[in-house]
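2 protein chains.
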Amino acid sequence: MSTSFSQRVVAAVDIGGTNTVFALVDRQGVIHRRGSLPTRSATTAQAYIASVSDAITSNSSEFQIVAVGVGAPNGNYFNGTIEFAPNLPWQGIIRLADEFSARMNVPAFVTNDANAAALGEMYFGAAKETKDFIFITLGTGLGSGLVVNGELVYGHDGFAGELGHTIILQHGRPCGCGRRGCLEQYCSATGLVKTYREILLTSDPDRTTAVTDESITSKAVFDKAMNGDEAAFYAFNYTGELLGFALANSVAYTSPSAIFLFGGLANAGELLFTPTMISFEKNLLSIYRNKVKLLPSGLPENDAPLLGAASLAWNELEKR
Amino acid sequence: MSTSFSQRVVAAVDIGGTNTVFALVDRQGVIHRRGSLPTRSATTAQAYIASVSDAITSNSSEFQIVAVGVGAPNGNYFNGTIEFAPNLPWQGIIRLADEFSARMNVPAFVTNDANAAALGEMYFGAAKETKDFIFITLGTGLGSGLVVNGELVYGHDGFAGELGHTIILQHGRPCGCGRRGCLEQYCSATGLVKTYREILLTSDPDRTTAVTDESITSKAVFDKAMNGDEAAFYAFNYTGELLGFALANSVAYTSPSAIFLFGGLANAGELLFTPTMISFEKNLLSIYRNKVKLLPSGLPENDAPLLGAASLAWNELEKR
Chain A
1 MSTSFSQRVV AAVDIGGTNT VFALVDRQGV IHRRGSLPTR SATTAQAYIA
51 SVSDAITSNS SEFQIVAVGV GAPNGNYFNG TIEFAPNLPW QGIIRLADEF
101 SARMNVPAFV TNDANAAALG EMYFGAAKET KDFIFITLGT GLGSGLVVNG
151 ELVYGHDGFA GELGHTIILQ HGRPCGCGRR GCLEQYCSAT GLVKTYREIL
201 LTSDPDRTTA VTDESITSKA VFDKAMNGDE AAFYAFNYTG ELLGFALANS
251 VAYTSPSAIF LFGGLANAGE LLFTPTMISF EKNLLSIYRN KVKLLPSGLP
301 ENDAPLLGAA SLAWNELEKR
Chain B
321 MSTSFSQRVV AAVDIGGTNT VFALVDRQGV IHRRGSLPTR SATTAQAYIA
371 SVSDAITSNS SEFQIVAVGV GAPNGNYFNG TIEFAPNLPW QGIIRLADEF
421 SARMNVPAFV TNDANAAALG EMYFGAAKET KDFIFITLGT GLGSGLVVNG
471 ELVYGHDGFA GELGHTIILQ HGRPCGCGRR GCLEQYCSAT GLVKTYREIL
521 LTSDPDRTTA VTDESITSKA VFDKAMNGDE AAFYAFNYTG ELLGFALANS
571 VAYTSPSAIF LFGGLANAGE LLFTPTMISF EKNLLSIYRN KVKLLPSGLP
621 ENDAPLLGAA SLAWNELEKR
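Here's what the structure looks like:
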């Protein structure tokens, strides 16, 4: 009797390097239950998936879980796997979707965190009415998801939307990917700090100590800029200039009606948006000018990964 | 009686600055009738559309024309219009689809020539089995069309896929679009000639006469390179290096399984493909390496515009 009146929800799972958070999320994006586990709590991926599944299903008897959505670094949509993720404890290829599906007896889906968040923006954020947009997350790195005609672009192999690794300055800063000049080396929290340090060093080449100072975080650069520090202000300007330039180029691919900026750096507000917008409009091809909105994300920062993973599951159910 | 046995075809129309060519094309891509008219033959767009329609319908009684597909510079898919095309004789916005549809009493569709050719590659060329690809046409400029999950990307306004106007060198060569450093200023027949002239001038600053010599066409540079001219060979090398770099960046957007190169410059074969491929693989993010084929188009060069326009019409009919 209880089942027929139980509420339909999806289980959303966000796998981070340190913690895994999970929740039950309904079609309106309301989070009904949430919990977390250390990602390294179990010795094998199988044992880890078992603990997460048990934690989700316990204390959820008044809900009907209809699918599982997982957002994970290096998550692959087509295979439902995590493949060689450098920040996760397991080696090789982990068949996440199959394992979750077998444990919980419902369909399970996997994608990377930025793609999931792009879907979250469409289902529960500021892109509800938008069928063509680019979602950018400005955190430690720069993640992205492209939505074309109301559908997330996965590409032939599930790895579409890596704008953080487009090269915007040939022979530029070395990147963790082994190449140089990638966008995320400039337009991210890490990139902002690097730019700020370069400015300090340029203005006074003897300041090598100050420049390696670990207390210089993106938050510290933000605080300095808000307090009138010119170098910090210029660091935001340079970051925005390059971001605006890169985004203007990206419009020539999919001609979106909006670009949403999410994440720590996007919270810097005017400090980042003003130089980004100026550079964006300046660098746009004329046929796109005054047509593409550059907007802050409408997702709540802390819940965005869960809402992203949930929207992946809802999206897949609705495709069927 | 004749109607029930008549073959179903679409009318394909390719509007160029000088000539308009048209044909009847069946679902297999066989061209059954063809003709042409000077694009400037009539004083108004309406009179021009009337002449083209009459020319198509006369002498076509054994065929059943089920739709019209039009490829045109600045053609807009969503509105069915040509908007302010600088190389066409008519001012403002021309409602091509509506006019053709009214004249010929079948649905009519419009898109720009590069988008049409990308569909042509999918229907009648080398991309028949490929659901995610990028089509590049290397002519006077650089045109492109993106196909994602088997569908052409139009963007929110119909203007997606202008890779020729992504800026690859900030402060680079001035472009007709009013900005600087656009890809098509380097990777196109025009770009190749500019590069060759720059090389001549660098090697001997007094050669200004040779450098402005109008006989230096992309074909002439090709012939020189094939005959061992180092400057010409290096011009192809530089063109390929930049093209490979730009295409490697483009993969990070839609993660295609193939990129097709079409048009005059693509016919240079190894001279262009070798440096392009080397640069492409070198500049690819590791997750994409050895996965993306760089291939010559499978479309016959002269008929590609017609086959593109025809595939647009077939594609729209099959969507319904």
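Sequence lines, in order, name chains A and B.
Everything in the first sequence is counted per the working numbering, starting at 1 for the first residue and increasing by one.
Everything in the second sequence is counted per the working numbering, starting at 321 for the first residue and increasing by one.
Even glycine gets a Cβ: it sits at the ideal position worked out from N, Cα and C.
Per-residue DSSP class, three states only, for residue i
i: B/Glu-621; result: coil
i: A/Ile-216; result: coil
i: B/Glu-394; result: A small correction: the amino acid at residue 394 of chain B is Asn; Glu does not occupy that position in the sequence shown. If DSSP states are grouped into helix, strand and coil, B/Asn-394 belongs with coil.
i: B/His-485; result: helix
i: B/Ser-322; result: Confidence at B/Ser-322 is low in this model, with a pLDDT of 45, below 50, so the placement of that residue is unreliable and no value is reported for it.
i: A/Ser-36; result: strand
i: A/Ile-199; result: helix
i: A/Asn-79; result: coil
i: B/Leu-466; result: strand
i: A/Gln-170; result: coil
i: A/Gln-46; result: helix
i: B/Arg-423; result: helix
i: B/Gly-475; result: coil
i: A/Thr-140; result: coil
i: A/Tyr-206; result: The amino acid occupying residue 206 of chain A in the given sequence is Asp; Tyr does not appear at that position. Three-state DSSP puts A/Asp-206 in coil, outside helix and strand.
i: A/Thr-111; result: strand
i: A/Val-30; result: coil
i: B/Phe-455; result: strand
i: A/Gln-185; result: helix
Candidates the options: closest to residue i by CA position
i: B/Tyr-608; options: B/Leu-592, B/Ser-570, B/Pro-616 and B/Ala-629; result: B/Ser-570
i: B/Asn-435; options: B/Ile-351, B/Ser-523, B/Glu-403 and B/Ala-392; result: B/Ala-392
i: B/Cys-507; options: B/Gly-484, B/Gly-498, B/Ser-523 and B/Glu-518; result: B/Gly-484
i: A/Val-147; options: A/Ile-65, A/Lys-128 and A/Thr-140; result: A/Lys-128
i: A/Asn-283; options: B/Tyr-558, B/Arg-500 and B/Glu-518; result: B/Arg-500
i: B/Arg-423; options: B/Thr-377, B/Ile-413 and B/Thr-401; result: B/Thr-377
i: B/Ile-293; options: B/Ile-351, B/Asn-394, B/Thr-401 and B/Pro-358; result: Residue 293 of chain B lies beyond the stretch modelled for chain B, which goes from 321 to 640, so this question has no answer here.
i: A/Asp-98; options: A/Gln-91, A/Arg-40 and A/Gln-46; result: A/Gln-46
i: B/Phe-542; options: B/Glu-518, B/Ala-586, B/Ala-568 and B/Gly-470; result: B/Ala-586
i: B/Phe-600; options: B/Glu-441, B/Glu-561, B/Ser-373 and B/Ser-617; result: B/Glu-561
i: B/Asn-622; options: B/Gly-440, B/Ile-369, B/Ile-414 and B/Ala-370; result: B/Gly-440
i: A/Gly-172; options: A/Asn-149, A/Glu-198, A/Ala-160 and A/Gly-161; result: A/Glu-198
i: A/Leu-142; options: A/Leu-317, A/Val-52 and A/Leu-247; result: A/Leu-247
i: A/Tyr-48; options: A/Leu-96, A/Ala-160, A/Arg-33 and A/Thr-140; result: A/Leu-96
i: A/Pro-296; options: A/Leu-285, A/Met-277, A/Ala-310 and A/Ser-286; result: A/Met-277
i: A/Cys-182; options: B/Asn-399, B/Phe-565 and B/Leu-512; result: B/Phe-565
Check: residue i C-beta below 7 Å from any heavy atom of the ligand GTP
i: A/Ser-188; result: As presented, the structure is devoid of all ligands, the ligand GTP included, so that no description of it is given.
Beta-carbon separation (whole angstroms), residue i vs residue j, contact threshold 8 Å
i: B/Thr-574; j: A/Gly-155; result: 6 Å
i: B/Leu-344; j: B/Val-329; result: 4 Å
i: B/Glu-264; j: B/Ser-326; result: The question about residue 264 of chain B has no answer, for chain B in this structure spans 321 to 640.
i: B/Ala-437; j: B/Pro-625; result: 7 Å
i: B/Ser-538; j: B/Ala-509; result: 4 Å
i: B/Pro-427; j: B/Arg-360; result: Not a contact, Cβ separation roughly 27 Å.
i: A/Arg-220; j: A/Gly-69; result: Looking at the sequence provided, one finds Ala at residue 220 of chain A rather than Arg. Not a contact, Cβ separation roughly 35 Å.
i: B/Thr-457; j: B/Gly-583; result: 4 Å
i: A/Asp-157; j: B/Lys-639; result: 26 Å between Cβ atoms; not a contact.
i: A/Asn-76; j: A/Val-52; result: Their Cβ separation, rounded to whole angstroms, is 19 Å, which puts A/Asn-76 and A/Val-52 out of contact at 8 Å.
Outcome for residue i when other beta-carbon atoms lying within 10 angstroms are tallied against a minimum of 16
i: B/Phe-342; result: buried
i: A/Phe-124; result: buried
i: A/Gly-308; result: buried
i: A/Thr-44; result: exposed
i: A/Met-1; result: With a pLDDT of only 42 at A/Met-1, under the threshold of 50, the placement of this residue in the model should not be trusted; the figure read from the coordinates follows. Label assigned to A/Met-1: exposed.
i: A/Ser-203; result: exposed
i: B/Pro-595; result: buried
i: B/Ser-535; result: exposed
i: B/Asp-433; result: buried
i: B/Pro-358; result: exposed
i: B/Phe-479; result: buried
Interface partners of residue i on chain A, CB under 8 Å
i: B/Gly-498; result: Ser-286
i: B/Ser-599; result: Simply none; closest approach about 11 Å.
i: B/Asn-569; result: Thr-166 and Ile-167
Contact list for residue i against chain A, beta-carbon separation under 7 Å
i: B/Lys-611; result: Asp-157
Within chain B, the residues that residue i reaches when beta carbons sit closer than 7 Å
i: A/Glu-153; result: Note that residue 153 of chain A corresponds to Val in the displayed sequence, not to Glu. Here the neighbours are Val-468 and Thr-574.
i: A/His-165; result: Ala-572 and Leu-605
Listed by chain order, chain A residues near residue i by CB distance under 9 Å
i: B/Ser-577; result: Gly-155, His-156 and Asp-157
i: B/Asp-452; result: Val-153, Tyr-154, Gly-155, His-156, Asp-157 and Ala-160
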